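Visitor: Just so we're aligned, residue 233 is where the sequence shown starts under this note's numbering, counting upward by one.
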Amino acid sequence: KETLIDRKLPEHIAIIMDGNGRWAKNRALPRTAGHAAGSKKFKEIARYCNKIGIKHLTVYAFSTENWRRPKEEVDAIMNIFRDYLRDSANFKSENIKLEFIGDRTGMPEDIVELMAQAEYDSKDATGLKCYMAINYGGRDELVHAVRDIVKEGIAPEDITEDTISAHIYTKHYPDPELIIRPSGEYRLSNFLIWQSAYS
233 KETLIDRKLP
243 EHIAIIMDGN
253 GRWAKNRALP
263 RTAGHAAGSK
273 KFKEIARYCN
283 KIGIKHLTVY
293 AFSTENWRRP
303 KEEVDAIMNI
313 FRDYLRDSAN
323 FKSENIKLEF
333 IGDRTGMPED
343 IVELMAQAEY
353 DSKDATGLKC
363 YMAINYGGRD
373 ELVHAVRDIV
383 KEGIAPEDIT
393 EDTISAHIYT
403 KHYPDPELII
413 RPSGEYRLSN
423 FLIWQSAYS
């Protein structure tokens, strides 16, 4: 009998972590409870992807637009990040490599330090490569890429799609074949907009 592992699996899956607030509202819980549940579910998904042999997983955890949410909610999300990052050492024993994409400028200093520590602690892992998009926006990523290209003095006529792909946050890994948005929405919401062209 064929199992999931016997089938051809995508090399890279990307997930827009969305719907946590609605999940909480439907259960008469505060939105922060939804974010905590989403964080727990992410850990389960990462471990399962590692188990079945997915090579790359990118999750949209916090967008550049999320700063516009109420301060109480943003603070709660940041505290969930802190708890997750302190717990991320558990991934090391599971052979999961953790990296972060996005603009770390403006993020709380202690979280930036925890992110760097988590990356260092898991740098030698050879299993699932898990990328968390934090303070990330697809358009913002392209702006950063263009600025870097200009700084390098690359002539306009020499700029190709490969040039841009070589200057975005995800330059070291393949574009996602599959993008999942569990809330039921069909929008990309500024997530991997260059990389998702053929997803």
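Even for Gly, the Cβ is constructed at its ideal location relative to N, Cα and C.
Owing to the predicted nature of the structure, the values given are computational and were not obtained by experimental measurement.
Are the beta-carbon atoms of H399 and D335 separated by less than 9 Å?
Guide: Residue numbering aside, residue 399 sits at position 167 when the sequence shown is read from its first letter. Residue numbering aside, residue 335 sits at position 103 when the sequence shown is read from its first letter. It is not a contact, given that the beta carbons lie outside the stated cut-off.
Visitor: Tell me the rounded alpha-carbon separation between I412 and T395.
Guide: Within the sequence shown, residue 412 is the residue found at index 180, counting from 1. Within the sequence shown, residue 395 is the residue found at index 163, counting from 1. Rounded to whole angstroms, the gap between the alpha carbons of I412 and T395 is 27 Å.
Visitor: For the beta strand (DSSP E) that M364 lies in, which residues bound it at each end?
Guide: Here residue 364 refers to the residue found at position 132 of the sequence shown. Taken as a continuous stretch (DSSP letters only), the beta strand (DSSP E) holding M364 covers K361 to Y368.
Visitor: Could you tell me the alpha carbon to alpha carbon distance between S421 and S431, rounded to whole angstroms?
Guide: By one-based count along the sequence shown, residue 421 stands at place 189. By one-based count along the sequence shown, residue 431 stands at place 199. Taking the straight line from one Cα to the other gives about 15 Å.
Visitor: Using a Cβ-Cβ cut-off of 6 Å (strictly less than) and excluding sequence neighbours within five positions of C362, which residues of its own chain qualify?
Guide: Translated into the one-based positions of the sequence shown, residue 362 becomes position 130. Same-chain partners within the cutoff: A278, L289, I328 and L330.
Visitor: Could you check whether K324 and S354 sit closer than 9 Å to each other, using their CB atoms as the reference points?
Guide: Against the sequence shown, residue 354 aligns to sequence position 122. Against the sequence shown, residue 324 aligns to sequence position 92. For S354 and K324, yes; Cβs fall inside 9 Å.
Visitor: Could you name the residues of the same chain whose beta carbon sits closer than 6 Å to that of F332, not counting the 5 residues immediately before and after it, in chain order?
Guide: Walking along the sequence shown from the start, residue 332 turns up at place 100. If we look at F332 and ignore the five residues flanking it on each side, its Cβ neighbours are M347, M364 and I366.
Visitor: What span of residues does the beta strand (DSSP E) with K329 cover, start to end?
Guide: As a working note, residue 329 is residue 97 in the sequence shown. Where K329 is concerned, the enclosing beta strand (DSSP E) stretches over K329 to I333.
Visitor: Give the DSSP bridge partners of A246, in chain order.
Guide: Against the sequence shown, residue 246 aligns to sequence position 14. Bridge partners of A246: T290 and I411.
Visitor: What do you get for E389, buried or exposed, if any count of 16 or more other CB atoms within 10 angstroms of its CB means buried?
Guide: If you number the sequence shown from 1, residue 389 lands on position 157. Classification for E389: exposed.
Visitor: Counting C-beta neighbours from all protein chains within 10 Å, is the total for W255 16 or more, i.e. buried, or is it exposed?
Guide: Taking the first residue of the sequence shown as 1, we reach residue 255 at position 23. For W255, the predicted structure reports a pLDDT of 47, less than 50, and the residue's modelled location is therefore unreliable. The matter cannot be settled from this model.
Visitor: In angstroms with no decimal places, state the Cα-to-Cα distance between Y280 and H244.
Guide: In the sequence shown, the residue the question calls residue 280 occupies position 48. In the sequence shown, the residue the question calls residue 244 occupies position 12. Whole-angstrom Cα-Cα distance: 14 Å.
Visitor: Would you call G369 buried or exposed, if buried means 16 or more other Cβ atoms sit within 10 Å of its Cβ?
Guide: Here residue 369 corresponds to residue number 137 of the sequence shown, with the count starting at 1. The residue is buried, with at least 16 neighbouring Cβ atoms inside 10 Å.
Visitor: Is S181 helix, strand or coil by DSSP?
Guide: The requested residue 181 does not occur in the structure, where the chain is confined to residues 233 to 431.
Visitor: Taking 9 Å as the threshold (C-beta atoms), are V291 and M249 in contact?
Guide: For this step, residue 249 is matched to residue 17 along the sequence shown. For this step, residue 291 is matched to residue 59 along the sequence shown. Their beta carbons are under 9 Å apart, which means M249 touches V291 by this criterion.
Visitor: Any Cβ of chain D within less than 9 Å of the Cβ of L420?
Guide: Here chain D cannot be found, since the structure has a single protein chain.
Visitor: So what does DSSP say about S295, is it helix, strand or coil?
Guide: Numbered from 1 along the sequence shown, position 63 holds the residue referred to as residue 295. Looking at S295 - three-state DSSP - the assignment turns out to be strand.
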